[in-house]
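Chemist: Please read through the structure below; I'll follow up with questions.
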Amino acid sequence: MENRPDSPSEAVHERLTLHLDPSVLEELGPDFSLSSQFQILPLAEAQYALLKKGERLWVNYPDGEYCDFPFYRKNISLILNGLEKKIPPRSLAQEPFDLLVKTTQSIEKRVFSAASPGRHTKDLWDEIIRKINSLSLESHSLRDLTEKILSVPFLQSFETSLVILHLKGQTKAELLGSLWRSEKVQSFIEVKEFNAFFNSVKKSKIKSFSTDTFPKLNLPFNGSFLAKEVISRKYSLVAITSRHDFLSYGREEIELFETCIDLLQPHFERLIDQEFSDKRISELRICLKDFPLPLRIKNTVTGTAFQNDLMKTELQDQDIFFTKKVMGPFSLDLYDSDELRHYAFDLFHFQRISLLGELLNTLRHELSNPLFGLMLGSQMFRTLDVSVDNKDLMKEIEKNVSRCQVIIENFSNLYQIQNDPKPVSLKKIIDESLVLAKSEGREIRKKVSYHDETENLEISVPLIFVVQILFNLIVNSAQAMRDAEVRGGELSIRVCKEDELIAIHVQDNGPGIPEEKASQLFKPFFTTKASGTGLGLVLSRNLALKMGGNLEYMMNNESNGAHFRITLPVT
Amino acid sequence: MKKIFIIEDEILIQQSLKKLFERRGFSVDVSASGKTAIDMILANEYDRIICDLMLQDISGFDVIEESKKKFSAQDISQKFVIMTAYNSPQVLSRANSYQCRLLNKPFEDLEEAMRIMTE
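Protein chains in written order, with our numbering: chain F, 1046 to 1616; chain U, 19 to 137.
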């Protein structure tokens, strides 16, 4: 017990006042317990505040500074730990401290040999170390630390301090810092340029350069500068400082600058770790959060590790549509939902159309030769000395062959998925749909009427989309009438212009759709038919929406039958 | 011009064309196989060779390539008439490289097709 440095008998701790945003508390979770050294106060009274702004974690410091970090649990606890360590007696975290000692020892020799020997050097040395320790403790971010470097005694004549940071695996390096001690800068540099620069700095013994040497780097100032590289497992970094003049630097200045950056390495490490190294994780998290399906990542030991906004509490295990074991104890679950169905339909529909297209194309090729043979054979026989009756019969054969050729040709054209649809006559589309639905709708009389000069109208929409909607409506109507044993069934298709749109009204005199069911018509898997899938109308509406139109059920109609309206944009 | 050779594996087309040509006074040989056709071309003298592209064993282009043993490029462009149901750009450009006549199946007009094949 007596060896515990934080035992109350040895050090009296000041309590830090802190404000935590409700969403920060939520992110920390119920298991998190705050150190007793913190006292929670309202925002206005607390020294420190952790807030959520958009996707970022904002930290307000008592000196009026604020920093933002990627918003996630690890960062919150890192910052809280950091704050805790600020509490007197001040001490560096153990790990950076060890590193510091090591670096210091290795550098000591160099500094002492560079500066003139004597008591004065020792004082300067102490002062630098003291300054570096305090400024790195005061720094809340890499940018902050970069700017504060200029307050180190010997660097006070410098105007600009920048760092270029490249995190391993990123495609760009980031330049940040300030010019003229005030103007904040931030830009990105191609990795190729950064690597070339980094290597030149690394190889250089004198560490002083001129901006002219690196025109591709686009450094935001002109003149000579000092640069020193820092390398770590996760990143490479170059620290740059300049007086904005063209004079060369003294040997002493160079050595001190190098020492200073070496001393700062553990602090760079800490700040980069806090701020950047998990940037990719944070970015991935945002992607997962915006993923358009309900999604949950489960830890088999601790339960839910992550879930996105679409994930609702009422979703149960039986709603899991897809689950995949990821890594370690984690698994990823996707839940069944309207969104999923929406995407699944598109895929389902596309696959169906392309399969049909392929089949029909093969069929057309396979049938083309035999049909041509029949045609030629018949034409040949007609040239022989045969009776007029037989000649007519031959002509009839040829006519039928031609019809077969036309039908198969039209079918395979119908199922071609075109990215850039050519204008097609609306009348042709409607006729085509009626031919397709001929066998299903053979008992009902069909009336087609065109108003507002729509008869000769051409529209640039995928032919198959409109045909499929019409086909669905005609077949639905015919089935409903058959089931209700309606006699004298009639289906009218009325085309007109309404509010700059083309409207196709499809109306029958069948049993109609009761009001309570009408509201459910476009819900996936809703069906009134014994063998229905409940997909037809959903698909149809999706297709209509895709063309910039819509498909609606018209509630108030006088005839009691079903009445649908397809709208399409005029093209 | 007297002797015509028809290479076509759809028997109904082959026989109908044969009868149509014979009624116009031509002498006609036929083959459904590309390989047999090559032997017949090398062994006989034909004034016109009407060749389908999609045969069961080899393609019509292979038949033309093999006939180069006997014919000059000019002979090929005059003697051969290519028949095809698949006029893709590749087929068209290859057919053009032999500079011979090309007929699409089905024929739009039988009389016109007969004229192209026999002139």
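We treat Cβ as the ideally placed atom computed from N, Cα and C, and that holds for glycine. Predicted model, so just to flag it, every value in this text is computed and none were measured.
1. My assumption, with CB atoms under 8 Å, is that residue 1299 of chain F sits in contact with residue 1253 of chain F. Please give the rounded CB distance.
2. Along the chain, where does the beta strand (DSSP E) that runs through residue 1596 of chain F open and close?
3. Report back the beta-carbon spacing between residue 1598 of chain F and residue 1558 of chain F to the nearest angstrom; my notes put them in contact at under 8 Å.
4. Shorter than 9 Å from the beta carbon of residue 1421 of chain F to some beta carbon of chain U?
5. What residues of chain U sit near residue 1418 of chain F, judged by a beta carbon separation below 8 Å?
6. Output yes if chain F places a C-beta closer than 9 Å to the C-beta of residue 23 of chain U; else output no.
7. In chain F, what lies closer than 7 Å to residue 128 of chain U by C-beta?
8. Looking at the C-beta of residue 124 of chain U, does it have a partner C-beta in chain F at a distance below 9 Å?
9. In the DSSP output, which residue or residues are listed as bridge partners for residue 1270 of chain F?
10. Suppose only complete runs of 4+ residues qualify. What are the alpha helix (DSSP H) ranges in the segment 32–106 of chain U, listed by chain order?
11. What are the residues in the segment 1383–1407 of chain F lying within 9 Å of chain U by C-beta distance?
12. Which chain F residues are close to residue 38 of chain U, counting only those with a beta carbon under 9 Å from its beta carbon?
13. Residue 1496 of chain F: buried (16+ other C-beta within 10 angstroms of its C-beta) or exposed?
14. Bridge partners of residue 1115 of chain F, per DSSP?
15. Rounded to whole angstroms, what is the Cα-Cα separation between residue 55 of chain U and residue 107 of chain U?
16. Taking 6 Å as the limit between beta carbons, can you name the residues of its chain near residue 29 of chain U, skipping five residues before and five after?
17. Mind reading off the beta-carbon distance from residue 1302 of chain F to residue 1279 of chain F? Whole number of angstroms is fine, and I expect it under 8 Å.
18. Determine the extent of the beta strand (DSSP E) in which residue 1492 of chain F is found, giving its start and end residues.
19. Buried or exposed: residue 73 of chain U, going by 16 or more other Cβ atoms within 10 Å of its Cβ?
20. If contacts are defined as beta-carbon pairs under 8 Å, then residue 1209 of chain F and residue 1308 of chain F qualify, I think. What distance do you get, rounded to the angstrom?
21. Which runs of the alpha helix (DSSP H) at least 4 residues long sit entirely within the segment 1416–1472 of chain F? Give them in chain order.
22. Could you work out which residues of chain F lie near residue 103 of chain U, taking near to mean beta carbons separated by less than 9 Å?
23. Would you decide whether residue 93 of chain U is buried or exposed? Buried here means 16 or more other CB atoms lie within 10 Å of its CB.
24. Tell me the rounded alpha-carbon separation between residue 1356 of chain F and residue 1340 of chain F.
25. Would residue 41 of chain U pass as an interface residue toward chain F - the criterion being a Cβ-Cβ separation below 9 Å?
26. With a threshold of 9 Å between beta carbons, is residue 1450 of chain F in contact with chain U?
27. Between the alpha carbons of residue 1332 of chain F and residue 1118 of chain F, how many angstroms are there, rounded?
28. Rounded to whole angstroms, what is the Cα-Cα separation between residue 48 of chain U and residue 37 of chain U?
29. Is there a Cβ of chain U sitting closer than 9 Å to that of residue 1609 of chain F, yes or no?
30. Could you give the DSSP three-state label for residue 116 of chain U: helix, strand or coil?
31. Quick one: is residue 123 of chain U buried, meaning 16 or more other Cβ sit within 10 Å of its Cβ, or exposed?
32. Do the segment 1091–1107 of chain F and the segment 1063–1074 of chain F make contact, defined as three or more Cβ pairs closer than 8 Å?
33. Please specify which runs of the beta strand (DSSP E), each continuous and at least 3 residues long, are wholly inside the segment 1201–1257 of chain F, giving them in chain order.
34. So what's residue 1610 of chain F in DSSP terms, helix, strand or just coil?
35. If you draw a straight line from the C-alpha of residue 1218 of chain F to the C-alpha of residue 1311 of chain F, how long is it?
Modeler: Let me spell this out:
1. Between residue 1299 of chain F and residue 1253 of chain F the beta-carbon gap is near 6 Å, inside 8 Å, which marks them as a contact.
2. From DSSP, the beta strand (DSSP E) with residue 1596 of chain F extends over 1595–1598.
3. Separation of the CB atoms of residue 1598 of chain F and residue 1558 of chain F is rounded to 7 Å, and the pair is thereby assigned contact status at 8 Å.
4. Output row for residue 1421 of chain F: interface = yes.
5. 28, 29, 30, 31, 34, listed in chain order.
6. Under the Cβ distance rule, residue 23 of chain U does not count among the residues neighbouring chain F, no pair being separated by less than 9 Å.
7. Residues of chain F with a Cβ closer than 7 Å to the Cβ of residue 128 of chain U are, in chain order, 1424.
8. So yes, residue 124 of chain U belongs to the interface.
9. When DSSP reads this structure, residue 1270 of chain F sits in a beta bridge with F:1254, F:1287.
10. Segments of the alpha helix (DSSP H) lying fully in the segment 32–106 of chain U: 52–61, 78–85, 91–97.
11. Within the segment 1383–1407 of chain F, not one residue has a Cβ closer than 9 Å to any Cβ of chain U.
12. Going along chain F in sequence order, the residues near residue 38 of chain U (Cβ under 9 Å) are 1421, 1424, 1425, 1428.
13. It counts as exposed.
14. Beta-bridge pairing links residue 1115 of chain F to F:1101.
15. If you draw a straight line from the Cα of residue 55 of chain U to the Cα of residue 107 of chain U, it is about 26 Å long.
16. Once the five neighbours on either side are set aside, residue 29 of chain U has no close Cβ partner at all.
17. Taking 8 Å as the upper bound for CB-CB distance, residue 1302 of chain F and residue 1279 of chain F are not in contact here, some 24 Å apart.
18. That run of the beta strand (DSSP E) goes 1490–1495.
19. It is buried - the Cβ of residue 73 of chain U has at least 16 other Cβ atoms within 10 Å.
20. Their Cβ separation, rounded to whole angstroms, is 19 Å, which puts residue 1209 of chain F and residue 1308 of chain F out of contact at 8 Å.
21. Entirely contained in the segment 1416–1472 of chain F, the alpha helix (DSSP H) runs reaching 4 residues are, in chain order, 1433–1459.
22. Chain F residues near residue 103 of chain U: 1410, 1413, 1414, 1417.
23. Counting Cβ neighbours within 10 Å, residue 93 of chain U comes out exposed, since fewer than 16 surround it.
24. Roughly 6 Å separates the two Cα atoms.
25. Yes, because at least one Cβ of chain F sits closer than 9 Å to the Cβ of residue 41 of chain U.
26. Residue 1450 of chain F counts as touching chain U.
27. Approximately 17 Å, taken between the alpha carbons.
28. The straight-line gap separating the alpha-carbon atoms of residue 48 of chain U and residue 37 of chain U is approximately 11 Å.
29. Not one chain U Cβ lies under 9 Å of residue 1609 of chain F.
30. Helix.
31. A residue is called buried when at least 16 other Cβ atoms come within 10 angstroms of its Cβ; residue 123 of chain U meets this threshold and is buried.
32. Touching, yes, given that three or more Cβ pairs across the two stretches are closer than 8 Å.
33. Scanning the segment 1201–1257 of chain F for uninterrupted beta strand (DSSP E) segments of 3 residues or longer gives 1205–1212, 1217–1224, 1228–1235, 1253–1255, listed from N- to C-terminal end.
34. Taken through DSSP and simplified to helix, strand or coil, residue 1610 of chain F comes out as strand.
35. Their backbone Cα atoms lie some 20 Å apart in a straight line.
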